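There are 2 protein chains.
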Amino acid sequence: MKMKNFTIKETHGKARTGVMKTAQNEFETPVFLPVSTKAAAKYLSSKDLEKIGAKAIISNSFLLYLKPGMEVLKKQEIHEFMNYSGTVFTDCGGFQKLRSMFKGMSKKGIHFRSPYDGSKHVITPKKIINVQNTLGSNVAMSLDDCSPYGSSIEETKEAMERTHKWAKESLEEFSKLKDEGSKMQLFGICQGGFFEETRKKSCRFIDELTVNGTNFDGIAIGGLRIGEPAKLMNKMVKVSTEILTEEKPKYLMGVGNPADIITSVQEGVDVFDSIYPVENARHGNIFTTEGKIDIEKSKYQFDFKPLDPNCDCFVCQNYTRAYIHHLFKTDEPLAKMLAVYHNQYFMQRFMEKIRTAIKEGELDKMKERTVKQYKTP
Amino acid sequence: MKMKNFTIKETHGKARTGVMKTAQNEFETPVFLPVSTKAAAKYLSSKDLEKIGAKAIISNSFLLYLKPGMEVLKKQEIHEFMNYSGTVFTDCGGFQKLRSMFKGMSKKGIHFRSPYDGSKHVITPKKIINVQNTLGSNVAMSLDDCSPYGSSIEETKEAMERTHKWAKESLEEFSKLKDEGSKMQLFGICQGGFFEETRKKSCRFIDELTVNGTNFDGIAIGGLRIGEPAKLMNKMVKVSTEILTEEKPKYLMGVGNPADIITSVQEGVDVFDSIYPVENARHGNIFTTEGKIDIEKSKYQFDFKPLDPNCDCFVCQNYTRAYIHHLFKTDEPLAKMLAVYHNQYFMQRFMEKIRTAIKEGELDKMKERTVKQYKTP
């Protein structure tokens with residue numbers, strides 16, 4: 021019954037296309053989720069997200085719990101609040117991002133200070149599952165602890181064991197919510213740092229974990245792309261996907277470089293999210309079908325072609341490289357608006373092309389080209 | 021023949037509706053021009069400008085001359101460069117904004133340093149008319165010198181005399197361009213500070229100025245809303261409009277407060293521009309048909325109505341006060357995008373309502389309400 025949430029369609033090696041179904045909608049995988057941390061994508065309205073074809077996004081439940089806060093989100097759950105018709109994934113503020121807010125642990129749970137007003141908060145795996153359910157998340161993540169890149173095997177194991185303990189508590193609470201009729205799905209997050217032994221152990225644990233007859237709807241691979249070389253990340257993805265159940269959707273968190281995405285799709289990953297297209301756009305790095313271009317370079321001053329002549333997005337239909345170069349050079353807010361729109365549109369089309377390439381058995385060719393264009397150290 | 025550029029339609033007291041015709045399009049007056057200083061409106065694309073019904077905007081020719089520069093604008097004039105189908109007015113960088121760049125005068129002209137790269141530039145009335153013509157301006161302004169609020173009568177006279185000398189030189193150059201086939205219109209700018217005597221003198225001079233049989237297509241009232249109280253501004257507008265030829269369009273530069281606009285429309289002003297709606301939006305001050313609201317106030321946290329329940333703009337159709345409050349409180353770029361869109365849309369509808377009120381003889385009533393809602397000291 022649970023498997024109906026995800027149906028594999030075509031495969032090409034370990035790569036596969038699929039359809040993920042949530043209480044909100046259904047969408048094809050591999051899929052890229054634009055990041056909408058605080059119920060808003062950077063420089064894009066929810067209507068823009070729909071226009072570019074983003075049928076799923078990811079928000080941060082812990083930050084939403086702080087602002088607008090649960091009193092607001094009880095009155096209007098997140099879809100209604102931001103007027104977005106697609107699926108909302110939520111993570112719960114992986115420690116990697118929240119370390120500066122992290123104030124230690126106690127029997128009560130994890131202690132945080134709000135970055136907004138310094139107020140003290142305690143979260144527990146159980147509490148954050150309920151937060152995600154209340155705010156209307158379609159696909160929640162279990163609370164995890166991510167050891168930083170460079171951690172020792174001992175530190176890695178400690179974070180992993182904590183992640184596993186929390187996964188159990190999350191699943192327990194989730195099974196109750198399901199009994200109460202919640203349509204939310206829950207993904208477990210594997211950790212295990214950069215040691216094969218711990219990665220494998222964590223994948224096996226999360227993959228097999230069952231509490232009260234309930235297991236995770238999908239598996240997220242966490243703690244990667246946090247400073248390690250691409251090669252090491254790729255290896256860890258491979259190690260992980262070799263263990264994880266084929267039937268469940270696999271979500272590689274925080275990965276958005278096209279080269280990394282296509283390499284991971286070949287290992288069977290289905291879901292991605294990242295601020296990568298936005299961070300690039302902010303700095304004038306534009307994704308094109310010929311590779312990345314730095315629109316601030318003086319050679320674009322007289323270039324009256326679109327950002328990407330092969331792109332049919334609103335920006336490429338209406339504006340030139342010369343104009344967008346000018347907007348960046350004069351610090352106009354419109355510069356980032358247009359660049360972000362284009363890069364996010366590019367990512368959605370890129371995922372479409374990946375799905376087509378899988379169907380048509382052309383993924384290897386597409387990968388070769390993409391890695392050449394987008395490879396990073 | 022020249023008068024065909026502007027046709028008065030209905031009048032109500034000194035207030036009037038009209039149609040202004042340029043080489044680009046025609047549009048009804050009173051009109052409000054969104055400011056697009058550097059060939060871009062803040063947080064709005066040219067397609068957004070068209071969507072909100074802005075049929076004319078204003079850019080700054082001196083800043084465009086610096087960036088993207090004339091080499092670019094010779095290849096693509098401004099409409100094509102920014103892909104905007106409406107009329108482009110250009111001013112030439114009234115000294116009030118450029119004082120920090122101003123490096124003195126010589127026989128050669130006015131010396132400036134570029135704020136972008138510190139490079140030295142000399143402009144003359146003749147040169148800036150040509151810049152405006154080359155970049156594709158539909159309605160150019162003659163170069164003027166604006167004395168700051170608080171200037172003595174002597175300082176005011178000095179700036180005024182300079183403005184008049186430049187107006188003559190501008191008109192001389194303009195008459196040549198017209199002979200060469202230019203379809204550009206040229207407005208003269210009155211100055212004269214805050215003394216009735218000099219204001220009147222300047223208005224009379226600019227209004228009557230004819231060089232080689234050519235006079236100005238319209239008259240701009242410059243040097244107001246630069247720090248003086250509203251009452252003093254209103255008086256200076258009244259003094260000016262009493263002198264200026266009825267048949268020509270009158271443009272009150274830099275004025276955008278709805279109360280100021282409607283008060284000046286009653287004196288016969290036809291054209292306005294200002295960064296006022298944008299500056300307000302940036303700070304969460306939202307224009308509504310019930311007056312201005314500060315969306316950051318905590319009372320909007322749970323307010324699920326649109327910014328203005330009487331508004332049919334994209335933002336009001338899709339988002340709530342509670343959501344936009346949240347976006348401001350969390351510093352999301354989308355906050356400013358939505359607030360600016362709404363305020364600029366509001367201004368276009370406000371001008372429509374003014375035109376209707378003139379036609380229907382309801383302007384006094386509308387003014388009373390508007391002044392109550394939008395009055396500033």
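Residue numbers (the working numbering), protein chains in the order written: chain A, 21 to 397; chain B, 21 to 397.
A virtual CB, placed ideally from N, CA and C, is assigned to each residue, including glycine.
Only a predicted model underlies this, so the values are computations on that prediction, with no experimental measurement involved.
Of all the options the options, which has the alpha carbon lying nearest to the alpha carbon of residue i?
{"i": "aspartate 164/B", "options": "Thr107/B, Gly170/B, Leu244/B, Asn103/B", "result": "Leu244/B"}
{"i": "lysine 255/A", "options": "Tyr361/A, Ser81/A, Thr176/A, Arg219/A", "result": "Arg219/A"}
{"i": "glycine 156/B", "options": "Leu93/B, Cys166/B, Glu200/B", "result": "Leu93/B"}
{"i": "methionine 273/A", "options": "Phe207/A, Ser190/A, Lys127/A", "result": "Phe207/A"}
{"i": "histidine 422/B", "options": "Gly33/B, Glu181/B, Thr27/B, Phe348/B", "result": "A question about residue 422/B goes unanswered here, because the residues of chain B that appear run from 21 up to 397."}
{"i": "proline 168/A", "options": "Glu200/A, Ala74/A, Glu178/A, Glu266/A", "result": "Glu178/A"}
{"i": "leucine 252/B", "options": "Glu216/B, Lys312/B, Gly233/B", "result": "Glu216/B"}
{"i": "serine 318/A", "options": "Pro88/B, Glu30/B, Ile28/B", "result": "Pro88/B"}
{"i": "phenylalanine 47/B", "options": "Cys223/B, Ser105/B, Lys385/B, Glu287/B", "result": "Ser105/B"}
{"i": "glycine 311/B", "options": "Thr390/B, Leu53/B, Thr183/B", "result": "Thr390/B"}
{"i": "glutamate 299/A", "options": "Thr154/A, Thr107/A, Tyr63/A, Pro135/A", "result": "Tyr63/A"}
{"i": "threonine 107/A", "options": "Leu53/A, Leu86/A, Phe366/A", "result": "Leu53/A"}
{"i": "tryptophan 186/B", "options": "Phe122/B, Lys203/B, Cys210/B", "result": "Cys210/B"}
{"i": "phenylalanine 307/B", "options": "Gln205/B, Lys34/B, Cys333/B", "result": "Cys333/B"}
Is residue i helix, strand or coil when you go by DSSP?
{"i": "methionine 23/A", "result": "Low confidence applies here, because methionine 23/A scores a pLDDT of 47, under 50, leaving its location unreliable; read the following figure in that light. Helix."}
{"i": "arginine 245/B", "result": "coil"}
{"i": "lysine 385/B", "result": "helix"}
{"i": "glycine 276/B", "result": "coil"}
{"i": "serine 157/B", "result": "coil"}
{"i": "histidine 303/A", "result": "coil"}
{"i": "tyrosine 339/B", "result": "coil"}
{"i": "glutamine 321/A", "result": "coil"}
{"i": "lysine 220/A", "result": "helix"}
{"i": "isoleucine 281/B", "result": "helix"}
{"i": "serine 260/B", "result": "helix"}
{"i": "leucine 86/A", "result": "helix"}
{"i": "threonine 144/A", "result": "coil"}
{"i": "methionine 253/A", "result": "helix"}
{"i": "serine 79/A", "result": "strand"}
{"i": "glutamate 178/B", "result": "helix"}
{"i": "proline 54/B", "result": "strand"}
{"i": "leucine 64/B", "result": "strand"}
{"i": "valine 231/A", "result": "strand"}
{"i": "serine 294/A", "result": "strand"}
{"i": "aspartate 111/A", "result": "strand"}
{"i": "methionine 204/A", "result": "coil"}
If we ignore side chains and look at the alpha-carbon of each, how far apart do residue i and residue j end up?
{"i": "leucine 83/B", "j": "isoleucine 98/B", "result": "13 Å"}
{"i": "glutamate 372/A", "j": "valine 51/A", "result": "8 Å"}
{"i": "glutamate 100/B", "j": "glutamate 91/B", "result": "14 Å"}
{"i": "asparagine 305/A", "j": "proline 297/A", "result": "9 Å"}
{"i": "serine 65/B", "j": "cysteine 331/A", "result": "18 Å"}
{"i": "asparagine 25/A", "j": "methionine 40/A", "result": "6 Å"}
{"i": "threonine 144/A", "j": "alanine 250/B", "result": "57 Å"}
{"i": "glycine 124/A", "j": "alanine 355/B", "result": "33 Å"}
{"i": "aspartate 351/B", "j": "asparagine 80/B", "result": "29 Å"}
{"i": "aspartate 328/B", "j": "threonine 110/B", "result": "32 Å"}
{"i": "aspartate 137/A", "j": "asparagine 45/B", "result": "52 Å"}
{"i": "threonine 309/B", "j": "isoleucine 313/A", "result": "45 Å"}
{"i": "valine 291/B", "j": "threonine 37/B", "result": "11 Å"}
{"i": "methionine 23/B", "j": "valine 151/B", "result": "The predicted position of methionine 23/B is uncertain, since its pLDDT is 48 and thus under 50; no value can be drawn from it."}
{"i": "glutamate 189/B", "j": "leucine 358/B", "result": "43 Å"}
{"i": "methionine 21/A", "j": "alanine 43/A", "result": "Note that methionine 21/A scores 43 on pLDDT, short of 50, meaning its location in the model is unreliable and no value can be drawn from it."}
{"i": "tyrosine 394/B", "j": "asparagine 277/B", "result": "7 Å"}
{"i": "glutamate 174/B", "j": "glycine 233/B", "result": "32 Å"}
{"i": "asparagine 235/A", "j": "glycine 201/A", "result": "16 Å"}
Would you check if the stretch 221-239 of chain A and the stretch 256-275 of chain A touch, i.e. whether three or more CB-CB distances between them fall below 8 Å?
Counting Cβ pairs under 8 Å, three or more are found: they touch.
Should the stretch 270-282 of chain B be regarded as contacting the stretch 216-231 of chain B, the criterion being three or more beta carbon pairs within less than 8 Å?
Output reads no: the stretch 216-231 of chain B does not touch the stretch 270-282 of chain B.
Just checking, does the stretch 376-391 of chain A make contact with the stretch 57-64 of chain A on the three C-beta pairs under 8 Å criterion?
Too few Cβ pairs lie closer than 8 Å, so no.
Would the stretch 336-350 of chain A and the stretch 335-354 of chain B be scored as touching if the rule is three or more Cβ pairs under 8 Å?
Counting C-beta pairs closer than 8 Å gives fewer than three between the stretch 336-350 of chain A and the stretch 335-354 of chain B, which falls short of the contact rule.
Using 8 Å as the threshold, is the stretch 125-141 of chain A in touch with the stretch 69-81 of chain A, meaning 3 or more CB pairs across them?
Not touching, per the Cβ criterion.
Short of 8 Å Cβ to Cβ, which residues in the stretch 44-74 of chain A face chain B?
Within the stretch 44-74 of chain A, the qualifying residues are Lys58, Ala59, Ala60, Ala61, Lys62, Tyr63, Leu64, Ser65, Ser66, Lys67.
Using Cβ-Cβ distances below 7 Å, what residues of the stretch 343-355 of chain A are close to chain B?
Residues are counted here when their Cβ sits less than 7 Å from a Cβ of chain B; for the stretch 343-355 of chain A these are Tyr343, His346, Leu347, Lys349, Thr350, Glu352, Pro353, Leu354, given in chain order.
Residues, ordered as in the chain, of the stretch 299-332 of chain A that lie near chain B by beta-carbon distance below 9 Å:
For the stretch 299-332 of chain A, residues whose beta-carbon sits nearer than 9 Å to a beta-carbon of chain B comprise Gln321, Phe322, Phe324.
Contact residues within the stretch 78-102 of chain B, judged by C-beta distance below 7 Å to chain A
Going along the stretch 78-102 of chain B in chain order, one finds Lys87, Pro88, Val92, Lys95, Gln96, Phe101, Met102 with a Cβ nearer than 7 Å to chain A.
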